[in-house]
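Sequential numbering from 87 applies to the sequence shown in the numbering used here. A virtual CB, placed ideally from N, CA and C, is assigned to each residue, including glycine.
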Amino acid sequence: MMFCGGAKDKDDQNVKPQKHVLCIGMACVDFVNIVKEFPLEDSDQRIQDYYWQRGGNASNNCTVLSLLSIPCEFMGVLGTEGVEASWILKDFESFNINTEHCVIKDVHCPVGTIILNMTNGTRTILFFPRDRPEMLYEDFQLKFKKDFSAYSWIHFELCSNVLEISKMIDDVLCYKNSNGQPVVSIEIEKPEFHNYNLVINKADLVFVSKDYAKSKGFANAKEAVSGFYNLCKEGAILVCAWSEQGASLCINNEVLTCPALQNIKVVDTLGAGDTFVAGFVGSLLSQRFYPTEPEHTTKIITKLEYALNYACHLAGLKCSMYGYTGLK
Ligand code: ADP
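Next up, the structure:
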C-alpha cells in the first residue's frame, strides 16, 4: 500500500500543488456547556462556561489536519437555513479548509448540545440531526466525475448512507487502480447504523470506534482489531481507539498496541476520536512522528507504530485542552 504524502521535497513542491486529504461526512454546530458536575434531571443550575464550535467527525478531522499543516478538504451537505449554516462555512474558511465540492441544500445543519464535565472531561452528546442532510452518490459523481487526481487520501465517515458511500468508494477505487492513489479510509463509529459489511472490505484503512466494537461484544481494542480483521481486504490496516486505554491496530494479523497519553488532566474528550484519526492519517502522510522515541522500544519501530503513538499522543493532548486550536 502506498502512503504518498503531499509534496515533501522542495523540487516536488515547485512542480505541482500538494495533494489534499478529502474528508467526507457531516458538519454540525456543537453547543458546548461546561459543568462542574453532571446535572441532575429537572435541576436548575449555573454552568462554568459555554461556547460553540464546528463539529461532526469529518469536519473535526479536517480541523485537526489543517492545524497539522496538512492541506485538506471537507465534503458534505451544507445547509443554507439559519445563522448556523453561514457560520459553519466561515469557520471552515478560518481554518483554511477547502469546501469547494460541498453540496449546498436548503436545509438546516445538524446541531449537538454537549455537556462537558470539567472534573473528568466526559462529554455527553445530545445530537439533533434536524434535516439530516446526507450525501448521495449522485452528488458525489456530479462533483468529481471520477477524477480524484487532487487527493492523496480520501476518508469517509459512515452515517446511515452506507449504500451511497459504497458506490462512492467504488469510483475512487476504480481511479486508484490505474493511478495508485488516493488511499481510502473509512470510519465505522455508530452502532445504530448497518450495512458496514458493504464497505469494510473495500478500504485500505478502517477505523472502528470503541462504541461500535463494544456493541459487537468486544472488551478492548486488541480483541476488537483481531476480531474484525477477517472482514477487511488483504493487507488492510484496522485501527481501534479505546479512550484512556489507548489504541490497537492490526495488519496482516499482526497486532500493535499503544497506551494512551499518561499524566494529563483530562478536561475535554469531545472529538478525541476525530483527533486520533486525523493524527494517524497525518502521521502516515507527513512522516510526522511521536516527538520522542518511546524508551521501551529497542526494535525497529515501523511507520505504523509511530503513527499509532503519534495519534494517541495528539488525542491525549486534545483531551487536556478545550477545543482544538491549542494543538497547533
Ligand atoms: P471517541 O471520541 O471516538 O469516543 P476515544 O474515547 O476512543 O474516542 O478516544 C480516542 C483516543 O483519544 C484514545 O485512543 C486516546 O489516545 C485518547 N483519549 C481519550 N480519552 C482519553 C483519556 N481519558 N486519557 C488519555 N487519552 C485519552
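For this session: From the DSSP output, in three-state form, read off glutamine 104 for me.
Result: If you number the sequence shown from 1, residue 104 lands on position 18. Three-state DSSP puts glutamine 104 in coil, outside helix and strand.
Exercise. Exposed or buried, which one is phenylalanine 304 when buried takes at least 16 other CB atoms within 10 Å?
Worked result: Translated into the one-based positions of the sequence shown, residue 304 becomes position 218. Label assigned to phenylalanine 304: buried.
Exercise. Looking only at C-alpha atoms, which of Asn287, His280, Cys245 sits nearest to valine 270?
Worked result: The residue you call residue 270 lines up with position 184 of the sequence shown. Considering only alpha carbons, the answer is Asn287.
Exercise. Going by DSSP, what residues sit across from glycine 141 in a beta bridge?
Worked result: Counting from one through the sequence shown, the residue named residue 141 turns up at place 55. Looking at the DSSP assignment, glycine 141 forms a beta bridge with Cys114.
Exercise. Got a sec: does ligand 1 put a non-hydrogen atom nearer than 7 Å to the Cβ of phenylalanine 362?
Worked result: Position 276 of the sequence shown, counted from the first residue, corresponds to residue 362. Phenylalanine 362: yes, Cβ under 7 Å from ligand 1.
For this session: Compute every distance between the C-beta of glutamate 309 and the non-hydrogen atoms of ligand 1, then say whether any falls below 7 Å.
Result: For the purposes of this step, residue 309 is taken as residue 223 along the sequence shown, with counting starting at 1. Glutamate 309 Cβ: outside cutoff for every heavy atom of ligand 1.
Exercise. Say the cut is 7 Å; is the CB of alanine 401 nearer than that to a heavy atom of ligand 1?
Worked result: Against the sequence shown, residue 401 aligns to sequence position 315. Yes, since a heavy atom of ligand 1 falls inside the 7 Å radius drawn around the Cβ of alanine 401.
Exercise. Can you tell me the Cα-Cα spacing of lysine 262 and serine 155, whole angstroms?
Worked result: The count along the sequence shown starts at 1 and reaches residue 262 at position 176. The count along the sequence shown starts at 1 and reaches residue 155 at position 69. Looking at the two C-alpha atoms, the distance is approximately 25 Å.
Exercise. Beta-carbon separation of cysteine 405 and isoleucine 350 under 8 Å?
Worked result: If you number the sequence shown from 1, residue 405 lands on position 319. If you number the sequence shown from 1, residue 350 lands on position 264. Yes.
Exercise. If you drop the 5 nearest sequence neighbours on each side, which residues of the same chain put their C-beta closer than 7 Å to that of glutamate 84?
Worked result: Because residue 84 is not part of the residues shown, which for the chain are 87 to 414, the question remains open.
Exercise. What's the C-alpha gap between glutamate 186 and asparagine 247?
Worked result: Along the sequence shown, read from residue 1 onward, the residue named residue 186 stands at position 100. Along the sequence shown, read from residue 1 onward, the residue named residue 247 stands at position 161. Answer to the nearest angstrom: the Cα atoms are 21 Å apart.
Exercise. Can you tell me where the beta strand (DSSP E) with methionine 161 in it begins and where it stops?
Worked result: Numbered from 1 along the sequence shown, position 75 holds the residue referred to as residue 161. Segment 158-161, the beta strand (DSSP E) holding methionine 161.
Exercise. Sorry if obvious, but does the Cβ on cysteine 405 come closer than 7 Å to a heavy atom of ligand 1?
Worked result: Numbered from its first residue, the sequence shown carries residue 405 at position 319. Yes, since a heavy atom of ligand 1 falls inside the 7 Å radius drawn around the Cβ of cysteine 405.
Exercise. Between leucine 108 and ligand 1, is the CB less than 7 Å from at least one heavy atom?
Worked result: Reading the sequence shown from its first residue, position 22 is the one you call residue 108. No, Cβ of leucine 108 sits at least 7 Å from all heavy atoms of ligand 1.
Exercise. If you draw a straight line from the C-alpha of isoleucine 386 to the C-alpha of valine 341, how long is it?
Worked result: Here residue 386 corresponds to residue number 300 of the sequence shown, with the count starting at 1. Here residue 341 corresponds to residue number 255 of the sequence shown, with the count starting at 1. Residue confidence for isoleucine 386 is low, a pLDDT of 35 falling below 50, so the modelled location carries little weight; the figure read from the coordinates is stated next. C-alpha separation (whole angstroms): 15 Å.
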